[in-house]
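Just so we're aligned, residue -15 is where the sequence shown starts under my numbering, counting upward by one.
The C-beta atom is built at its ideal place from N, Cα and C for all residues, glycine as well.
In this text, all values refer to a predicted model and were calculated from it rather than measured experimentally.
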Amino acid sequence: MLIVALDISKKEPLYEQIYNSIKEEIITGVLPFGARLPSARRLSKHLDVSRNTVDTAYAQLCAEGYIESKPKRGFFVCQVEELAELHIPVKIEEEEEEIRPEKIPYDFSSAGVDMEQFPYHIWRKLLKEIMINDNSELFQKGNFQGDLELRKAIMYYLRQSRGVHVHASQIVVAAGMENLLFLLRQILGEKVSIGIENPVYKNAYEILKELDFKIHPISMDESGMCVEQLQKTDANLAYVTPAHQYPTGVIMPIGRRSQLLGWAKKDPDHYIIEDDYDSEFRYHGKPIPAMQGLDDGENVIYMGTFSKAIAPAIRASYMVLPKKLAKRYQQIGQTFSCAVSRIDQKVLTLFLTEGHFERHLNRMRNIYKEKHDLLIKEIKKLNSDIQIYGHGAGAHIIVRFPVSDQKEFQKN
């Protein structure tokens, strides 16, 4: 039986301690090539830990190629002697203690996600399912647009939930919105001028600036971006967040959406970048369909992400390109690679196609609605003159206090 010394007083999770202990024995040759590991059930009983703890450690070792699972036979050590010959240390002790983020009782960050509700058991089950058999394809370079199965799953989700006109060939998967904007910059080429909402999400502005977009800040009113002001610029792109603008919380009404689409239709090289930020979380009334679905979709570049709806670590975002731009990307995209792990893509595909995402989203929508309504209720108790903007959707609101209260805040 393996000798694994577990220390429950450590901050390091038990599955990581098991993983690190077995990995070290493999690298140093204590566990030779071909050695059979005890079953997860036996090891969990021997170590007096849960079966899931051992399953998670074994899954990570499989994912990194230290062990392999052979159906109906068990887990066996892979050929990794060359690591021991190089004398690569398993773990480097840092001189300074790791700086951990301070734990706070209530997270009011607009980017925060309630991870207590994350379906860990389902994610772990799906990960184990795809790793239980030898699947060399997952370790090969995938499609530069993202795996076809995932793009099809996203296609069905967007058609049904957001009313988006889309085929799998129009979808590009990338690791985060910043990567999507980088790819879009390559597609559009030189001399790209863009109108952005003012105010706007700071990170979006910084990314666009870094990518050398010519930026035109466009004022906002109660309906969103002012199209008349946009028309006075040389912008051929307009970046908007119509579902729940950040930071104002404005939900763009159908009239303004039609006006913006009209601007795009006047020139075949005009495009709207629709960042569908916060669209999953609308608490009162029916969800508003995406702007992309209001037209033929040929002048709207639709962008979305799973980071907010599932977890921040799920760095899987996607964009739906108009057919003309999709063809252009298929011509130049071979030089790029999809930066999302194929293992993560596979797990996400199953999470979508087996209905787990829809159930999780419905549950989180109810939880966030309760928090949203409670927060507004308690804020209103402070002062009847307090004004609240951007409520009814998303994960942020704007609160305007009376002048007397503002002076009190500044004094304190």
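Could you check how far apart the C-beta atoms of residue i and residue j are, in whole angstroms? I think they sit under 8 angstroms.
| i | j | result |
| --- | --- | --- |
| P183 | T225 | 11 angstroms between Cβ atoms; not a contact. |
| K227 | D260 | Reading the sequence as shown, one finds Ala at residue 227 and not Lys. A227 to D260, Cβ: 5 angstroms. Contact. |
| N220 | D251 | 7 angstroms |
| A188 | A323 | Actually they do not touch by this definition, with Cβ atoms about 19 angstroms apart. |
| D14 | P296 | Note that residue 14 is Val in the sequence shown, not Asp. Not confirmed; about 37 angstroms, so no contact. |
| E190 | Q229 | Not confirmed; about 18 angstroms, so no contact. |
| L332 | L134 | 6 angstroms |
| Q1 | L(-10) | 5 angstroms |
| A47 | I327 | 6 angstroms |
| L31 | G58 | Their Cβ separation, rounded to whole angstroms, is 17 angstroms, which puts L31 and G58 out of contact at 8 angstroms. |
Given residue i, which residues of its chain have a CB within under 6 angstroms of its CB, disregarding the five upstream and five downstream residues?
| i | result |
| --- | --- |
| R384 | Q371 |
| P273 | G147 |
| K355 | none |
| D369 | P386 |
| F341 | F335 |
With a CB to CB cut of under 8 angstroms and the five nearest residues on each side skipped, what residues in its chain are close to residue i?
| i | result |
| --- | --- |
| L132 | A152 |
| T217 | S177, G179, H200 and I202 |
| F17 | V61, C62, Q63, V64 and E65 |
| L142 | V148, V150, A274, Y286, G288 and V304 |
| L164 | V156, A158, M287, S301, Y302 and M303 |
Can you give me the start and stop residues for the alpha helix (DSSP H) that residue i sits inside?
| i | result |
| --- | --- |
| S203 | Premise fails: S203 lies in the beta strand (DSSP E), K198 to D205, not in any alpha helix (DSSP H). |
| E181 | Not the alpha helix (DSSP H): E181 falls in the beta strand (DSSP E), residues S177 to N182. |
| E162 | M161 to L172 |
| Q44 | R35 to A47 |
| M287 | Here M287 belongs to no alpha helix (DSSP H); instead the beta strand (DSSP E) covers V284 to T289. |
| I10 | L(-2) to I11 |
| Y141 | L132 to R146 |
| I88 | Premise fails: I88 is in no alpha helix (DSSP H) and is neither H nor E. |
| I363 | H340 to L366 |
Terminal residues of the continuous beta strand (DSSP E) containing residue i?
| i | result |
| --- | --- |
| G58 | G58 to V61 |
| M303 | S301 to V304 |
| V97 | Careful: V97 lies outside any beta strand (DSSP E) and carries neither H nor E. |
| E258 | Y255 to D259 |
| T333 | Run containing T333: none in the beta strand (DSSP E); it sits in the alpha helix (DSSP H), R326 to T337. |
| K54 | I51 to K54 |
| Q371 | Q371 to Y373 |
| I382 | I382 to R384 |
| Y223 | L221 to V224 |
| I155 | I155 to A158 |
In chain order, what residues of the same chain have a beta carbon less than 7 angstroms from the beta carbon of residue i, not counting five sequence neighbours either side?
| i | result |
| --- | --- |
| S28 | S34, R35, T37 and V38 |
| Y3 | A41, Q44 and L45 |
Whose CA, out of the options, lies closest to the CA of residue i?
| i | options | result |
| --- | --- | --- |
| I106 | P22, I360 and F335 | F335 |
| K136 | V156, F123 and F59 | V156 |
| M275 | H268, A47 and I285 | I285 |
| K330 | V234, G126 and L(-10) | G126 |
| F408 | A379, T319 and M161 | The requested residue 408 is not part of the displayed model; the chain covers only -15 to 396. |
| I10 | T337, D328, K250 and I51 | I51 |
| Y302 | Y90, K308 and F128 | F128 |
| V234 | G49, K193 and G376 | G376 |
| Q213 | Y140, K7, Q243 and G173 | Q243 |
| R266 | A(-11), G374 and E194 | G374 |
| R299 | G130, I171 and Y255 | G130 |
| M236 | S207, F59, S263 and S291 | S207 |
| I256 | M209, S263 and P271 | M209 |
| P103 | I294, K307 and I316 | I294 |
| Q124 | L366, K175, S321 and D253 | S321 |
| E318 | K54, M99, Q170 and Y(-1) | It should be noted that the sequence gives Gln, not Glu, for residue 318. For Q318, the nearest C-alpha among the options comes from Q170. |
| E174 | S53, K198, V211 and S145 | K198 |
| K307 | D253, P89, S53 and L358 | D253 |
| K193 | V211, Q215 and E162 | E162 |
| I404 | Q215, D262, G277 and E264 | In the structure as shown, the chain starts at -15 and stops at 396, and residue 404 therefore has no counterpart that could be examined. |
- Task: State whether the region 104 to 112 contacts the region 309 to 326, with contact taken as three or more CB pairs (one from each stretch) at a distance under 8 angstroms.
- Result: no
- Between the region 198 to 214 and the region 337 to 354, do at least 3 Cβ pairs fall closer than 8 angstroms? no
- Query: Quick one: any contact between the region 281 to 295 and the region 115 to 125, if contact means 3 or more CB pairs under 8 angstroms?
  - Reply: no
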